[in-house]
Amino acid sequence: MKPWVSLFSGGKDSSWALYRALEDGKPVERLVTVHPEGDSFMYHVPATELASLAAESIGIPLVNVRPDDFDDGATAAEDSSQRGDRELEPLEAELSALADELGGIDGVTAGAVESSYQTDRLEGLCDRLDAELFAPLWQQNPRELAEAMFAAGFEITIVSVSARGLDESWLGRTLDAEALAELERLNDEYGVHVLGEGGEFETLVTDAPHMDRRIELEYETTFDGLRGSLQITDAWLAA
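With UniProt numbering applied, the sequence shown has no gaps in its numbers, which climb one by one up to 239 at the end.
Below you can see the structure in the form of structure tokens.
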């Protein structure tokens, strides 16, 4: 069997896809983190620098992809489809290089839940690499997914918010059963997705069964009345 590669941001969705792949015995030999410098249609943005700590705790080598700001080269006539295709290019180049280095890639894991925008492009990429796409969250019930993460022992920290109903108190909060119940109420009131699939919030997994040591954080928060994020001042792996 050839190696597998896991698309990995450190957030809950990509972490769950990796965890499930490892549980299934897939030989994941590399994690790949894309670090967008600006807003991105394709990738998780906040706190991706902490993916290296998570990778160290997991024990799988991490490859960083640092494309130019995705706004560079954009034109007024560029639509969202063209933007997504352009954002995919540096990732595809890196995966092609990894395939050469590893003697081929059997599969790629991804944390897509409901976004056809992302999944269609990743499926096309995997077809071109002659690799399988493993997306265990795809089209699954969001509440059941969250409960499965909690049951497995995932510790999930909210690192950014961008939706009505999510104020500064959510920054740094643990996503747990109590928070999930509140998110369901916010879904009824404002349409907030309970897993943040529409970008309503982003997360960092600070501990999980496939991690040897949890990630400890020190941070400040910024919030402008609608959007906010953690400003990480220090991060380390617990002894």
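Each residue gets a CB set at the ideal place from its N, CA and C atoms; glycine is no exception.
Quantities reported herein were computed from a predicted structural model and do not represent experimental measurements.
| Item | Value |
| --- | --- |
| Chain-order list of residues whose beta-carbon lies under 8 Å from that of Glu184 (same chain, five-residue window excluded) | Arg143 and Val194 |
| Extent of the continuous beta strand (DSSP E) run through Arg30 | Val28 to Val34 |
| Nearest to Gln231 (by Cα), restricted to the options Leu204, Arg214, Asp212 and Ala239 | Leu204 |
| Separation of Leu186 from Ala21, as counted between CA atoms | 32 Å |
| Outcome for Thr48 when other beta-carbon atoms lying within 10 angstroms are tallied against a minimum of 16 | buried |
| Leu171 and Thr221 closer than 8 Å at C-beta | yes |
| Cα-Cα separation between Met149 and Asp100, rounded to whole angstroms | 34 Å |
| For Glu218 and Thr233, believed in contact at Cβ under 8 Å, the rounded distance | 5 Å |
| 8 Å Cβ shell around Leu177 - same chain, five flanking residues per side excluded | Note that residue 177 is Ala in the sequence shown here, rather than Leu. Contacts found: Glu147 and Phe150. |
| Distance CB(Trp16)-CB(Leu137) smaller than 8 Å | yes |
| CA-to-CA distance, Glu87 to Thr75, given in whole angstroms | Because the pLDDT of Thr75 is 49, which lies under 50, any placement of that residue in the model is unreliable, and the number read from its coordinates should be weighed accordingly. If I take the Cα positions, the gap works out to 14 Å. |
| Local conformation of Asp85 per DSSP, three classes | helix |
| Top-ranked residue by Cα proximity to Arg227, from Phe201, Arg214 and Arg213 | Phe201 |
| Reference Trp4, options Gly25, Pro90, Gly10 and Asp13, closest by Cα | Gly25 |
| For Gly107, the residue or residues it bridges with in DSSP | Trp4 and Glu132 |
| Distance between Asn64 and Arg214 (C-alpha atoms, nearest Å) | 21 Å |
| Backbone CA spacing between Tyr19 and His210 [nearest angstrom] | 7 Å |
| Residue(s) in a DSSP beta bridge with Arg227 | Ser162 |
| Start and end residues, alpha helix (DSSP H) containing Glu197 | Note, Glu197: premise wrong, no alpha helix (DSSP H); not H, not E. |
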